[in-house]
Amino acid sequence: MNSRKLIAIGEALIDFIPSAKGVAFDDVGSFFPAVGGAPANVCGAFSRLGGNSVFLTQLGDDPFGHKIERYLGKTGIDTSYISFTDKANTALAFVSLDKDGDRTFSFYRNPSADMLYDESQVPSDAFEDAFALHFCSVSLGDFPMKNAHVKAIEYAKAKGSLISFDPNLRFPLWKSAAALKAAVEEFLPYADILKISDEELEFITGTDEIEKALPVLFNGNVKLILYTCGKKGAFAYTRNAKGHCGVLPGDVVDTTGAGDASIGSFLWKLNEYGVTRENINDLTSERLDEALLFMSEYCTISVGAKGAIPSYPTLKELEERYKK
413 MNSRKLIAIG EALIDFIPSA KGVAFDDVGS FFPAVGGAPA NVCGAFSRLG GNSVFLTQLG
473 DDPFGHKIER YLGKTGIDTS YISFTDKANT ALAFVSLDKD GDRTFSFYRN PSADMLYDES
533 QVPSDAFEDA FALHFCSVSL GDFPMKNAHV KAIEYAKAKG SLISFDPNLR FPLWKSAAAL
593 KAAVEEFLPY ADILKISDEE LEFITGTDEI EKALPVLFNG NVKLILYTCG KKGAFAYTRN
653 AKGHCGVLPG DVVDTTGAGD ASIGSFLWKL NEYGVTRENI NDLTSERLDE ALLFMSEYCT
713 ISVGAKGAIP SYPTLKELEE RYKK
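With our numbering, the residue at position 78 of the sequence shown is 490, and numbering never jumps.
Here you go:
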């Protein structure tokens, strides 16, 4: 097991998952709380697989904030750098699910505690022996957390860590689509690894065809692109190689956190391979295929249960499910 750690920065919140899927938001009878937030979920997947992860965020000094910190700690995530504040509450998100398990969100986050986390709170010592820094676009709005991301990227680069970016577009959280696109375009060139879905491709690149989009996405430092495309499976691209894995059979109960499970498990596999910023371009198509299969197996288990981190399997559970 590789001892290098994954660091993620950004939002943590409580997802309120509906008691039934396939019904309109107005008709949901009840919700149950689940710890969520994409960067936290990615750490959760990495840790559930046995990896070391550190999460950087700020929570409200309220029952929800302390619930999140306790839960992430039980998952195996290093929560020692999480801050608490009484200046804002912990973020909440109410979710509704259609018959296929796909989601719509209603956010309570204006502002939330995570948004007020600033660059002075980013701990430089957390980046020792860091394999990668992962982040998303939710926390890149015009508030202090954006500057904290810039500082974290600076620390990670100084240590030679990989930078992983999942735009993870959440339009309701932005004043305009243009502001969201500008934030993605600003931070995308910092990334060594970019995770993008078929639903996000055209908005970010102007085309819905991945092969045409690659010249746009291989921008700045970008060296590896993980492209997830629903029922068509997933692709991985470097400038030298291409990998693919189709969708594996399994029931879909809830897709909450599925994208985070994909990048979290994919990063775990890259870490096991000993991938660094210097050798990432040496990944072969066979290695990419293998990593994508591992990721697909992981996500197939995840979408078969409710919630994000609670649905993530351990490495042992994954191996038992997919014994050859």
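Glycine included, every Cβ here is placed at the ideal spot set by N, Cα and C.
Only a predicted model underlies this, so the values are computations on that prediction, with no experimental measurement involved.
- Scanning its chain for C-beta atoms nearer than 6 angstroms, with the 5 sequence neighbours on each side dropped, one finds around residue 449 the residues 423, 424, 425, in chain order.
- Residue state for residue 610 is assigned as helix, using DSSP reduced to three classes.
- Remark: fewer than three beta-carbon pairs, one from each stretch, lie closer than 8 angstroms, so the region 503–510 and the region 480–487 are not flagged as touching.
- Closest in alpha carbon position to residue 515, among 611, 495, 705, 675, is 611.
- Between residue 420 and residue 465, the C-beta spacing is below 8 angstroms.
- Minimum Cα-Cα distance from residue 459 among the listed residues 430, 433, 415, 632 corresponds to 415.
- Here residue 657 is near residue 705, since their CB atoms are less than 8 angstroms apart.
- With a cutoff of 8 angstroms on beta-carbon distance, residue 646 and residue 707 are scored as near each other.
- Taking C-beta separations shorter than 6 angstroms and ignoring five residues to either side along the sequence, the partners of residue 726 in its chain run 460, following chain order.
- Boundaries of the beta strand (DSSP E) around residue 507: 503–509.
- In the same chain as residue 733, and ignoring 5 residues on each side of it, the C-beta atoms closer than 8 angstroms to its own belong to 709, 713, 725, in chain order.
- At a Cβ-Cβ threshold of 8 angstroms, residue 560 and residue 530 count as neighbours.
- Within the region 450–490, the runs of beta strand (DSSP E) at least 3 residues long that lie entirely inside it are, in chain order, 464–468, 470–472.
- Rounded to the nearest whole angstrom, the CA to CA distance from residue 593 to residue 615 is 8 angstroms.
- Residue environment: residue 640 is assigned as buried (16 or more neighbouring CB atoms within 10 Å of its CB, all protein chains considered).
- In the three-state scheme derived from DSSP, where H, G and I count as helix and E and B as strand, residue 555 is classed as coil.
- Annotation for residue 685: the continuous alpha helix (DSSP H) segment containing it runs 670–685.
- Within the DSSP bridge table, the entry for residue 518 names 506 as partners.
- Distance from residue 534 to residue 570 at the Cβ level is roughly 12 angstroms; contact not present, criterion being Cβ atoms closer than 8 angstroms.
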